[in-house]
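The structure appears right after this line, and notes come after that.
There are 8 protein chains.
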Amino acid sequence: LRQGVPEVIFGEGKSGEQIAGIAEEMVRAGTNVLVTRIDAQKAAIVGQRVPSFRFAPLARTGSVEIAPPPKRPCAPVAVVTAGTSDNEVAEEAAETLSALGLEPLRIYDIGVAGIHRLLHRMEDLRRASAAIVCAGMEGALPSVVGGMISTPVVAVPTAVGYGTALGGFTALFAMLTSCASGVSVVNIGNGFGAAMAVHRMMPKASQATEQPKTAG
Amino acid sequence: LRQGVPEVIFGEGKSGEQIAGIAEEMVRAGTNVLVTRIDAQKAAIVGQRVPSFRFAPLARTGSVEIAPPPKRPCAPVAVVTAGTSDNEVAEEAAETLSALGLEPLRIYDIGVAGIHRLLHRMEDLRRASAAIVCAGMEGALPSVVGGMISTPVVAVPTAVGYGTALGGFTALFAMLTSCASGVSVVNIGNGFGAAMAVHRMMPKASQATEQPKTAG
Amino acid sequence: LRQGVPEVIFGEGKSGEQIAGIAEEMVRAGTNVLVTRIDAQKAAIVGQRVPSFRFAPLARTGSVEIAPPPKRPCAPVAVVTAGTSDNEVAEEAAETLSALGLEPLRIYDIGVAGIHRLLHRMEDLRRASAAIVCAGMEGALPSVVGGMISTPVVAVPTAVGYGTALGGFTALFAMLTSCASGVSVVNIGNGFGAAMAVHRMMPKASQATEQPKTAG
Amino acid sequence: LRQGVPEVIFGEGKSGEQIAGIAEEMVRAGTNVLVTRIDAQKAAIVGQRVPSFRFAPLARTGSVEIAPPPKRPCAPVAVVTAGTSDNEVAEEAAETLSALGLEPLRIYDIGVAGIHRLLHRMEDLRRASAAIVCAGMEGALPSVVGGMISTPVVAVPTAVGYGTALGGFTALFAMLTSCASGVSVVNIGNGFGAAMAVHRMMPKASQATEQPKTAG
Amino acid sequence: LRQGVPEVIFGEGKSGEQIAGIAEEMVRAGTNVLVTRIDAQKAAIVGQRVPSFRFAPLARTGSVEIAPPPKRPCAPVAVVTAGTSDNEVAEEAAETLSALGLEPLRIYDIGVAGIHRLLHRMEDLRRASAAIVCAGMEGALPSVVGGMISTPVVAVPTAVGYGTALGGFTALFAMLTSCASGVSVVNIGNGFGAAMAVHRMMPKASQATEQPKTAG
Amino acid sequence: LRQGVPEVIFGEGKSGEQIAGIAEEMVRAGTNVLVTRIDAQKAAIVGQRVPSFRFAPLARTGSVEIAPPPKRPCAPVAVVTAGTSDNEVAEEAAETLSALGLEPLRIYDIGVAGIHRLLHRMEDLRRASAAIVCAGMEGALPSVVGGMISTPVVAVPTAVGYGTALGGFTALFAMLTSCASGVSVVNIGNGFGAAMAVHRMMPKASQATEQPKTAG
Amino acid sequence: LRQGVPEVIFGEGKSGEQIAGIAEEMVRAGTNVLVTRIDAQKAAIVGQRVPSFRFAPLARTGSVEIAPPPKRPCAPVAVVTAGTSDNEVAEEAAETLSALGLEPLRIYDIGVAGIHRLLHRMEDLRRASAAIVCAGMEGALPSVVGGMISTPVVAVPTAVGYGTALGGFTALFAMLTSCASGVSVVNIGNGFGAAMAVHRMMPKASQATEQPKTAG
Amino acid sequence: LRQGVPEVIFGEGKSGEQIAGIAEEMVRAGTNVLVTRIDAQKAAIVGQRVPSFRFAPLARTGSVEIAPPPKRPCAPVAVVTAGTSDNEVAEEAAETLSALGLEPLRIYDIGVAGIHRLLHRMEDLRRASAAIVCAGMEGALPSVVGGMISTPVVAVPTAVGYGTALGGFTALFAMLTSCASGVSVVNIGNGFGAAMAVHRMMPKASQATEQPKTAG
Ligand SMILES: Nc1ncnc2c1ncn2[C@@H]1O[C@H](COP(=O)(O)O)[C@@H](O)[C@H]1O
Ligand SMILES: Nc1ncnc2c1ncn2[C@@H]1O[C@H](COP(=O)(O)O)[C@@H](O)[C@H]1O
Ligand SMILES: Nc1ncnc2c1ncn2[C@@H]1O[C@H](COP(=O)(O)O)[C@@H](O)[C@H]1O
Ligand SMILES: Nc1ncnc2c1ncn2[C@@H]1O[C@H](COP(=O)(O)O)[C@@H](O)[C@H]1O
Ligand SMILES: [Mg+2]
Ligand SMILES: [Mg+2]
Ligand SMILES: [Mg+2]
Ligand SMILES: [Mg+2]
Ligand SMILES: [Mg+2]
Ligand SMILES: [Mg+2]
Ligand SMILES: [Mg+2]
Ligand SMILES: [Mg+2]
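Chains as they are written, first to last, in this note's numbering: chain A, 32 to 247; chain B, 32 to 247; chain C, 32 to 247; chain D, 32 to 247; chain E, 32 to 247; chain F, 32 to 247; chain G, 32 to 247; chain H, 32 to 247.
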């Protein structure tokens with residue numbers, strides 16, 4: 032038994048109809064469904080065919096929850112952003128965490144140019160079981176957070192910024208060469224992947240569950 | 032009390048004398064020491080001034096163990112390589128794990144061009160609490176390992192290969208765009224960082240210990 | 032006599048009318064025609080002027096077969112993809128093979144993150160006379176296939192993936208630095224070129240035929 | 032029985048002693064040996080321990096021939112260079128071909144800035160069963176050769192040239208975007224890989240032989 | 032007196048109205064006008080306000096000839112392309128030459144994959160006073176032409192090709208590292224600049240005329 | 032009168048003898064001298080011929096002070112580093128400031144992974160008239176400093192770090208896309224240039240003095 | 032009291048409604064407002080809700096001036112462009128300067144290919160208290176200006192040019208490696224950042240005012 | 032008869048003995064010889080075997096003049112540098128010009144940060160029949176020179192500068208996107224190629240002579 036852990040559909044490059052078809056099949060099989068990279072238009076199509084489909088517009092995810100995912104025996108996972116433009120990527124992470132039975136703790140807009148904002152949230156950061164830190168431009172936030180806490184830090188570069196932000200590559204490279212050690216990194220904008228990385232790290236609910244399967 | 036968790040010295044760009052000086056001070060303070068990126072010549076200098084200094088030539092690390100690091104309550108951490116040229120980076124990871132009280136389980140030379148070698152070690156991979164996977168050239172091994180196990184996978188690109196291997200950047204980019212989800216990545220050749228990332232993920236020994244401190 | 036081997040028109044940057052004009056001239060000359068990189072809209076225009084024109088939408092190719100191309104005296108050519116998003120490029124290869132008298136054997140969606148899918152198709156791969164392997168993202172599939180078979184492997188990087196996939200360059204570089212030796216590579220998305228490379232390798236039908244000619 | 036097909040040792044990053052050790056073991060097992068990327072100094076060390084070891088200085092390869100590799104039932108393979116600076120890479124290809132039972136036909140220094148040199152060798156090119164074409168700088172030779180012959184063309188970019196030659200990347204990219212279709216490409220300077228690609232294409236001697244194995 | 036040498040307007044980023052305004056002023060001052068990078072829509076607007084305005088759609092240039100430019104005392108200038116997709120850039124060069132009193136000799140679609148096409152035009156190439164050679168993809172044509180003639184060769188890379196063609200950078204780099212010496216190069220797609228470079232080289236009509244002036 | 036403002040010699044690529052020759056001439060003309068990018072060996076040669084020559088080994092600068100530079104009517108200029116490996120670049124800036132009559136206030140090793148170190152120096156930062164901030168790796172320090180003070184911040188990327196640090200380019204790009212506004216940036220490792228930028232900003236001593244002249 | 036110094040809203044990625052909402056709140060709080068990167072359509076929306084909103088179309092900025100910003104005790108700041116295509120970026124700088132109480136002195140279209148244009152404006156350049164120099168293509172203007180004046184020069188690369196202009200990166204790199212020392216640089220197209228950098232350098236009006244705050 | 036026009040040997044990658052051998056053969060055949068990219072050590076070896084061999088150390092060229100090259104019927108060719116570090120490349124151009132019967136007119140160290148130096152040499156520039164302009168760092172000099180004269184301008188980027196100078200690529204890209212039209216460009220450091228380009232442009236001595244031949 033998979034216990035409510037979702038199967039995941041990568042929505043990009045698939046039509047609303049294709050997504051709906053795959054989702055219907057999963058639902059018939061009794062599995063929860065998580066769709067990522069889906070826009071409002073496609074979501075509407077899926078929603079018409081899969082009634083319990085819930086769309087999260089900022090995260091650009093959609094989900095069907097046949098059964099609630101079993102809650103995981105650990106503290107919430109901090110999902111942190113440097114600026115509000117990073118929130119979309121963060122929401123993809125947060126929605127994925129929820130679908131996996133992990134509780135997201137959103138800590139948004141605490142970028143390093145106003146260091147007091149970050150210092151005010153230190154307690155929240157310290158009580159989390161891990162932190163997913165999303166930042167664009169110079170991508171400095173994971174370094175500062177990584178120096179403040181000793182739990183896992185997964186850094187997610189975002190494509191925020193212009194010119195030398197290089198569509199997220201500057202943040203990516205900055206995070207990989209972070210002066211805070213033990214920070215690990217996922218692809219640009221890959222909020223889903225960050226949540227999956229944390230999923231691998233966290234204790235499973237009562238019984239061992241495998242990785243969410245992917246389809247299509 | 033820091034309970035045997037080491038302080039870390041980054042040896043690159045420091046002279047043998049400088050490293051010895053910092054190490055002596057730490058030893059006097061009763062702390063374990065881990066030096067990374069240190070060559071045989073510098074290690075000899077340190078060894079003359081710090082008697083219990085142990086040099087690991089392949090890993091290019093050195094350490095002083097005032098007290099053994101408290102053993103961590105978890106299964107060994109797999110340290111995996113695609114080819115023997117990746118072993119240096121893997122050894123840096125393995126030595127760092129040991130210094131942190133984590134047991135490394137070396138699984139070397141199981142690259143994807145001979146997939147049977149990998150299949151033969153599947154049991155070992157599955158019983159580990161996490162896997163650090165080191166690969167150069169096309170950097171494909173973390174994708175295959177990531178699809179086989181559900182525990183944390185930290186990928187370490189190495190600079191192995193020529194031409195389009197781009198000094199490790201091809202492996203880095205391949206790992207970040209891995210088709211296996213939840214793989215996270217550290218900088219090229221950063222075996223130390225991979226071990227530190229796993230350190231953040233694993234349960235601490237009896238009492239909470241912070242991050243190893245750094246000096247210098 | 033050219034024996035049904037087609038002339039090739041590169042459709043990109045040509046209008047439907049231009050393609051139709053060139054194709055009509057070829058048909059008048061009694062030659063088979065293969066058009067690549069043609070979309071549905073242009074294909075409709077060509078179809079109105081060249082009645083026997085057949086459009087393959089996924090491959091984005093079109094063809095006119097005045098006479099069937101003489102069958103080549105060899106086993107089928109495997110056309111392999113890592114994921115379904117690579118299928119368009121694979122279809123361009125498959126359609127080109129068919130036009131050249133070579134039989135494509137489609138083996139789709141066997142990417143390395145689920146290595147069992149690949150192992151299940153090993154027999155098919157082994158009986159092919161060559162393999163065209165299409166993959167995006169980390170481009171690892173040709174390495175694994177190259178280690179399994181001793182016949183020619185032509186790798187085709189695709190632009191599938193985001194961020195560090197670099198529009199296909201990561202897959203390209205990975206394939207060129209593959210740890211499986213004797214894999215050769217063509218340009219990103221160049222399914223046509225891969226088929227042409229295999230065409231050069233395979234025995235010709237009864238009498239020597241030259242390269243397909245190009246026009247335009 | 033492997034019938035004289037060699038096992039291959041990649042010499043780079045291995046000491047003369049390490050290479051000698053691996054080679055001795057192979058010789059004891061009765062297998063031919065091919066070492067690539069070996070310099071004169073290491074070769075001398077191997078030569079002292081493995082008496083029948085033959086060093087090819089320009090190719091930077093060494094070999095031990097326990098039994099001559101069975102001759103392959105096909106015409107010679109052309110090994111072509113644009114300028115004399117490309118000859119080292121070409122020799123690596125030629126030596127590898129020989130070790131595999133394929134006859135190299137050297138056609139050197141026929142670069143495109145003196146097109147008559149190329150035209151003079153057209154007959155030789157046409158009678159070969161395949162062509163390995165090595166060129167640096169603008170990497171134009173495979174395009175011209177590819178338009179002249181209908182047999183397989185494997186292009187090998189070399190690091191010859193300065194500034195915008197980009198250490199071979201300009202030639203590599205030029206070859207991949209060649210206007211002659213069906214040219215496939217290997218990594219910069221990878222003469223060995225080109226020969227292995229041709230090895231996959233050519234008919235095997237009497238009985239099926241696998242890929243040369245690699246060790247170390 | 033400027034003797035019919037045009038003033039030049041760079042049309043990109045200017046509206047049709049702006050171009051018309053500048054052109055009218057020049058015409059009033061009695062100067063010939065050349066507009067580059069102008070599309071059909073803008074050209075229509077200019078044409079309504081400047082009656083003698085002539086638009087060359089393929090070249091994307093427009094011109095007003097108050098007085099014919101004085102013919103230059105030299106042989107025609109060859110304008111050469113590798114494929115028909117390079118013709119737009121070539122036409123920009125040809126139209127600019129004409130506006131400067133130089134006669135363009137168009138030699139189109141003689142790319143190196145069919146070397147005979149080039150050889151057939153050798154006489155034409157040899158009688159020209161200079162050659163502007165436009166090529167995309169691997170950009171090999173200037174090397175071959177440069178080896179055939181001893182007059183000036185100005186190479187113009189074009190953005191033709193996909194993937195590793197890198198939007199013209201591969202052709203650019205190839206041309207700069209050309210094995211034919213004395214070839215000089217202009218920016219990607221800069222047919223205008225190539226013609227201006229030749230303008231600097233060619234003898235002036237009877238009296239010394241300066242550079243065409245630019246405006247706006 | 033130049034009032035003790037130095038002439039500057041860029042030592043790189045000049046021999047000790049050449050530098051000594053230029054310096055002697057300047058000294059004869061009664062001007063202060065600053066040499067940058069000079070190593071100990073060259074400095075020894077200069078010191079033998081120019082007796083009052085003072086060498087600063089960490090900064091790799093040398094200077095001759097005929098007359099002390101007139102003190103500038105402003106608070107000290109903070110020279111800040113993230114890690115001790117950035118100190119060489121910082122010292123080049125500090126020595127240049129001194130030679131220009133500006134007082135450097137060194138604030139070293141306060142990188143963002145230990146944010147408390149930075150917070151402890153906030154008072155020093157706030158009383159400076161400007162800050163030169165040197166950082167390698169992810170180059171995050173200028174963003175944090177820029178958010179804390181309202182005086183000029185000139186960021187200097189350094190080549191510290193490996194892999195994705197890209198020899199200083201990641202720090203450079205991060206600083207240019209800094210989320211703290213009004214930070215301006217100089218070339219990688221250009222401590223001299225940063226000091227010169229601040230020199231332009233600060234009030235001149237009593238009478239207007241021009242830019243330091245350069246020679247050689 | 033903030034004395035008329037504006038709060039700044041970065042308009043990109045925000046809807047007209049969002050911008051209007053933030054602006055209204057600021058206006059209610061009695062603060063001046065500066066919006067950057069806002070287009071005509073969004074500006075119309077803001078204008079309907081915030082009556083005193085003034086839109087500057089070329090600069091793509093909008094502002095609300097509750098109270099005029101206190102005039103700063105210094106000479107005007109030169110805002111210089113190489114060509115008219117650089118004027119948009121220059122206007123963003125000029126509008127920002129005005130909002131900060133600094134007087135912009137526009138010196139436009141004096142690029143280096145017509146050096147006399149620059150020489151004619153030397154007096155204007157010399158009487159300014161600082162120069163913001165905007166240039167695309169080869170980005171040479173700051174070097175020439177930097178050699179002419181001894182006051183601060185902040186260089187702003189623009190994305191003007193095609194091909195090797197690399198969307199502004201060539202100008203950026205040229206400015207950073209300028210042979211005129213003490214030139215500092217901001218991100219591509221960052222006219223706002225250049226004005227903010229000058230703001231940090233210039234004397235404050237009567238009483239100390241902090242940095243403009245940013246919101247949203 | 033070749034009338035004293037030299038054959039050219041590219042010295043890089045050839046031993047002194049190899050160069051001597053080729054040169055001896057040419058001398059025997061009665062041809063002038065020009066060797067480029069030769070260092071003092073190799074030159075000494077050649078000098079011992081070829082008595083009339085003359086070495087130019089700054090240019091790193093060597094030559095044998097059997098007969099003086101026939102003087103060309105045109106004004107001298109300006110060879111211009113921005114800084115003294117560019118002089119090596121300029122000397123390669125100047126020596127090549129001399130070997131081709133063209134008179135070099137050296138105009139050195141007139142870079143744009145001191146524009147008066149350039150203005151002082153305007154007369155010299157104007158009377159030259161063409162200008163070869165060598166510059167590193169931001170590569171701005173050809174733009175300014177190109178705007179001052181109407182004769183051919185061949186720009187040569189040099190590798191002078193650090194960091195964002197990118198080993199000459201910034202200068203190269205800047206020159207290709209120069210705002211002065213009709214400037215053409217050769218590879219980084221290719222003084223030889225620039226001279227050859229001018230050779231193609233200039234009138235030949237009395238009788239038609241071909242391109243210098245190359246050997247080796
Ligand atoms: N091999 C390594 N790669 C990257 N960072 C390292 C390595 N070894 C140590 N470090 C980090 O380097 C810092 C210590 O540097 P230092 O103070 O210069 O000795 C600490 O942040 C360590 O976490
Ligand atoms: N999909 C493709 N990718 C690359 N080259 C192609 C493709 N299809 C056709 N070609 C080549 O394009 C040329 C025909 O181009 P054209 O003369 O413009 O129709 C021939 O060299 C073909 O071999
Ligand atoms: N460390 C440095 N980095 C960059 N430019 C420098 C440096 N030191 C001196 N310079 C500049 O180098 C030039 C002097 O070069 P030179 O005439 O070759 O001695 C002047 O423009 C100086 O401003
Ligand atoms: N400095 C140089 N840079 C680029 N090409 C050169 C140079 N010197 C000679 N050559 C070219 O190198 C070729 C001679 O090479 P080689 O036959 O190896 O001596 C000819 O094409 C020359 O035109
Ligand atoms: Mg914010
Ligand atoms: Mg799939
Ligand atoms: Mg430190
Ligand atoms: Mg064609
Ligand atoms: Mg191995
Ligand atoms: Mg203008
Ligand atoms: Mg100088
Ligand atoms: Mg040669």
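No residue lacks a Cβ here, since even glycine has one placed at the ideal position from N, Cα and C.
Quick caveat, the model's predicted, so the values are computed rather than measured.
Anyone know if the C-beta pair for Ala190/E and Gly220/E falls short of 8 Å?
Against the fifth sequence, residue 190/E aligns to sequence position 159. Against the fifth sequence, residue 220/E aligns to sequence position 189. The answer is yes: Cβ separation under 8 Å.
Determine the DSSP secondary structure at Gly220/G, reduced to helix, strand or coil.
For this step, residue 220/G is matched to residue 189 along the seventh sequence. The answer is coil: DSSP assigns Gly220/G none of H, G, I, E or B.
Anything in the region 116-137 of chain D with a Cβ closer than 9 Å to a Cβ of chain C? List those residues in chain order, please.
Within the region 116-137 of chain D, no residue has a Cβ that lies closer than 9 Å to any Cβ of chain C.
If you compare alpha carbons, which of Ala211/C, Gly132/C and Ala228/C is closest to Asn218/C?
Numbered from 1 along the third sequence, position 187 holds the residue referred to as residue 218/C. It is Ala228/C.
For Leu131/B, does the three-state DSSP call read helix, strand or coil?
By one-based count along the second sequence, residue 131/B stands at place 100. It is coil, neither helix nor strand.
To the nearest angstrom, how far is it from the Cα of Pro135/E to the Cα of Met233/G?
For the purposes of this step, residue 135/E is taken as residue 104 along the fifth sequence, with counting starting at 1. For the purposes of this step, residue 233/G is taken as residue 202 along the seventh sequence, with counting starting at 1. The alpha-carbon atoms of Pro135/E and Met233/G are separated by roughly 57 Å.
Between which two residues does the beta strand (DSSP E) harbouring Ser160/E extend?
On the fifth sequence, residue 160/E is found 129 positions in, with the first residue counted as 1. Segment: none, Ser160/E is in no beta strand (DSSP E) and carries neither H nor E.
Using a beta-carbon distance cut-off of less than 9 Å, what residues from the region 189-208 of chain G approach chain E?
Those residues of the region 189-208 of chain G that come within reach of chain E (Cβ to Cβ, closer than 9 Å) are Val191, Gly192, Tyr193, Gly194, Thr195 and Ala196.
So which residues of chain A does Ala159/F contact, with C-beta pairs closer than 7 Å?
Here residue 159/F refers to the residue found at position 128 when the sixth sequence is read from its first residue. In chain order: nothing, as chain A lies at least about 18 Å away.
What is the residue span of the alpha helix (DSSP H) that Cys54/F lies within?
Numbered from its first residue, the sixth sequence carries residue 54/F at position 23. Note that residue 54/F is Ala in the sequence shown, not Cys. Here the alpha helix (DSSP H) through Ala54/F covers Gly47 to Arg59.
Ligand 4 and Phe41/H: does the residue's C-beta get closer than 7 Å to at least one heavy atom of that ligand?
Within the eighth sequence, numbered from 1, the residue matching residue 41/H stands at position 10. Checking every heavy atom of ligand 4 against the Cβ of Phe41/H, one is found closer than 7 Å.
Using the beta-carbon count (16 or more within 10 Å), is Ala75/F buried or exposed?
Your numbering for residue 75/F matches position 44 in the sixth sequence. With fewer than 16 Cβ atoms within 10 Å of its Cβ, Ala75/F is classed as exposed.
In whole angstroms, what is the alpha-carbon distance linking Ser129/F and Val176/H?
Counting from one through the sixth sequence, the residue named residue 129/F turns up at place 98. Counting from one through the eighth sequence, the residue named residue 176/H turns up at place 145. Going by the C-alpha atoms only, they are around 38 Å apart.
Measuring from the CB of Cys210/A, is there a heavy atom of ligand 1 at a distance below 7 Å?
In the first sequence, residue 210/A corresponds to position 179, counting from 1. Yes, since a heavy atom of ligand 1 falls inside the 7 Å radius drawn around the Cβ of Cys210/A.
Going by Cα to Cα distance, which pick from Ala124/C, Ala98/C and Leu207/C is closest to Ser83/C?
On the third sequence, residue 83/C is found 52 positions in, with the first residue counted as 1. When each option's Cα is compared against that of Ser83/C, the closest is Ala98/C.
Would you say Met179/C and Met206/C are within 8 Å of each other, going by their C-beta atoms?
Mapped onto the third sequence, residue 179/C falls at position 148. Mapped onto the third sequence, residue 206/C falls at position 175. No, these two residues do not count as a Cβ contact at 8 Å.
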